[in-house]
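**Q** Have a look at the structure that comes next, please.
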Amino acid sequence: MEKKIALAAVLGPTASGKTALGIALARRYGGEIVSCDSMQIYRGLSIGTAKPSSDELNAAPHHLIGFCDVDRAFSVSEYVTMAEQTIHEICAAGKHPILVGGTGLYARSLLRGVSFDERGRDEILRSSLTEEAALNGIEPLYERLSGLDPQAARKIHPHNEKRVIRALEFCLATGERFSEQEERSRRVPPRYRSLVLCLSFRDRQKLYDRINCRVEAMMSAGLEEEAKAFYQVVRESRRPLTAAQAIGYKELFPFFDGILSLEEAVENIKRETRRYAKRQLTWFNREQDAIFLYVDDWKDEQELLQEAFRIWEQSGLFSEKGE
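In the working numbering, each residue's number is its place in the sequence shown (first place is 1) plus 1.
The structure is reproduced here in structure tokens:
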């Protein structure tokens, strides 16, 4: 039987320090980073999605960042296919693949070996549901999903438009319950021997403070101008864009429309980012195999890095490069 690839993962909420830890591991152990972020895939959305800086990109090889046009729909199954290919290429080059990001669904689907049922994909139906959500909000679609598949609805946040539409699309296209498809997908054995490090905080306010500071830094770096250019793309598009749901952009659109002041829009970015981080923490807290590193347990970043290095070396998974 072929030996499974050893894969490290650095997961956690936004602004927790994942990029720095991933780069430190890559530089110390000969690794390359595979991004696990559903918004960093898009071209032109750099500041608001907190893409690694040019210095960070030069510090360690990065993959699956900025390759997708903003007007293209991109699914978790496509991500898993691309990530698997990238991981095999990294190993073939004698390097360690290190998954880094905060999109829990991407990470779980890749690490747990989820299989995908392509029968429930219908581009026309999905576009129709997306347009309906844009006109009437996501609530009517969530109620419709609740009637067709209560179990799936209970597991999906009512405001998670992408997941609601995907589940409803599957139900309507196949006549089956989305929850049944998900249960079948989990029966596939994991593809990798993985070490999962998850960054978190004992004191959640410390994370929220970091988020507030990051948003201010993004504004100083030119987020308003970047969002304005994207706003024009969204206005000229003939259909709703998934990328338009990215936090940091959609909150500025009412400012461009003259509905909110810039100060109000920035406060909305902070609030929505904090809410997103809270959802991420809830998601990752359910990852039973993860080793949690609480950022506020350590005096400084260097102490946290030393603990991560110790865990890596004691795992025994990475005795040879590209194993």
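Glycine included, each C-beta is placed from N, C-alpha and C at the ideal position.
Please return the same chain residues whose Cβ sits closer than 6 Å to the Cβ of Tyr209, not counting the five positions on each side in sequence.
**A** Hits under 6 Å: Arg275.
**Q** Which one of Leu282, Phe202, Arg287 and Ala10 has the shortest CA to CA distance from Ile88?
**A** Of the listed residues, the one whose Cα sits closest to Ile88 is Ala10.
**Q** Are at least three pairs of beta-carbons, each pair with one atom in the segment 241 to 261 and one in the segment 36 to 56, less than 8 Å apart?
**A** Segments in contact, yes.
**Q** On the three-state DSSP scale, how would you describe His89?
**A** Note: His89 maps to helix in three-state DSSP.
**Q** Can you list the alpha helix (DSSP H) stretches of 4 or more residues lying completely in the segment 142 to 195, in chain order?
**A** Qualifying alpha helix (DSSP H) stretches, in chain order: 151 to 156, 162 to 175 and 179 to 186.
**Q** Check whether the Cβ atoms of Lys96 and Gly23 sit closer than 9 Å, and answer yes or no.
**A** Not in contact: Lys96 and Gly23 (Cβ atoms no closer than 9 Å).
**Q** Pick helix, strand or coil for Ala9, following the three-state DSSP scheme.
**A** Strand, per DSSP.
**Q** Does the Cβ of Ser221 have 16 or more other Cβ atoms within 10 Å, making it buried, or fewer, making it exposed?
**A** Result: exposed.
**Q** Flag this pair as yes or no: are the beta carbons of Leu142 and Cys172 separated by less than 9 Å?
**A** For Leu142 and Cys172, no; Cβs fall outside 9 Å.
**Q** Quick check: the Cα distance between Lys271 and Ile260, rounded to an integer number of angstroms?
**A** Distance between the alpha carbons of Lys271 and Ile260: 18 Å.
**Q** Taking the straight line between their C-alpha atoms, what separation do you get for Ile312 and Leu318?
**A** If you take the alpha carbons of Ile312 and Leu318, they lie about 10 Å apart.
**Q** In angstroms, rounded to a whole number, what distance separates the CA positions of Ala93 and Glu288?
**A** If you take the alpha carbons of Ala93 and Glu288, they lie about 29 Å apart.
**Q** Within its chain, find whatever has a CB closer than 6 Å to the CB of Phe256; leave out the 5 residues flanking it on each side and keep chain order.
**A** These residues qualify, in order along the chain: Leu263 and Ala266.
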